[in-house]
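Visitor: I have a structure here, written as structure tokens, and I will follow up with some questions on it.
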Amino acid sequence: MPTQAIPEELLRVREQIDRIDHGLVLLLANRFALTHRVGELKAEHGLEALDPERESRKLAEIRAQCEKQGVNPDLVADILERVMREVVRNHQVIKARQAGA
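Position one of the sequence shown corresponds to residue 1429 (the working numbering), numbered consecutively onward.
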């Protein structure tokens, strides 16, 4: 079966998607750097790693933003819930380290 040439426009669009994916990784790296500092501050001030009220509020805000942008709110909420779980785990590690120091 002959291989078809990939249209130039398709290649350009894929390059844009690749740049966005790279940007998403950078945004997540920045977010995790900031949440690491939040974890340090929470540990220093004896605050819990999990703030369920803030988490619920943030997810509601994100869902509303998704609705406005025509993005699947369940998909984005699922992604952010996973990110938030990772953040809470990181905060627990930070708190344990500071308690042992």
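All C-beta atoms, glycine included, are put in the ideal place defined by N, C-alpha and C.
Could you check what DSSP says for D1502 in three-state terms: helix, strand or coil?
Guide: Of the three classes helix, strand and coil, the one that applies to D1502 here is helix, per DSSP.
Visitor: Assuming V1511 and I1490 are in contact, meaning their beta carbons sit under 8 angstroms apart, how far apart are those beta carbons, in whole angstroms?
Guide: Going by Cβ atoms, the distance from V1511 to I1490 rounds to 11 angstroms, so no, they are not a contact pair.
Visitor: Since I1490 is in the alpha helix (DSSP H), which residue starts that stretch and which ends it?
Guide: Counting along the chain, the alpha helix (DSSP H) containing I1490 begins and ends at P1480 to Q1497.
Visitor: By alpha-carbon positions, which one of E1436, R1525, F1460 and I1445 ends up nearest to E1514?
Guide: Per the Cα distances, F1460.
Visitor: Quick check on this structure: which residue in G1451, E1509 and V1466 has the alpha carbon closest to the alpha carbon of H1519?
Guide: For the residues G1451, E1509 and V1466, the minimum Cα distance to H1519 belongs to V1466.
Visitor: Could you spell out the range, first to last residue, of the alpha helix (DSSP H) harbouring Q1472?
Guide: The question names Gln, but residue 1472 is Glu in the sequence shown. Per DSSP, E1472 belongs to the alpha helix (DSSP H) from E1436 to E1472.
Visitor: Please say whether I1522 and A1471 have beta carbons closer to each other than 7 angstroms?
Guide: Against a cut-off of 7 angstroms, the Cβ pair of I1522 and A1471 comes out as a contact.
Visitor: By how many angstroms is the C-alpha of Q1444 removed from the C-alpha of A1433?
Guide: Near 19 angstroms, if we compare the C-alpha coordinates of Q1444 and A1433.
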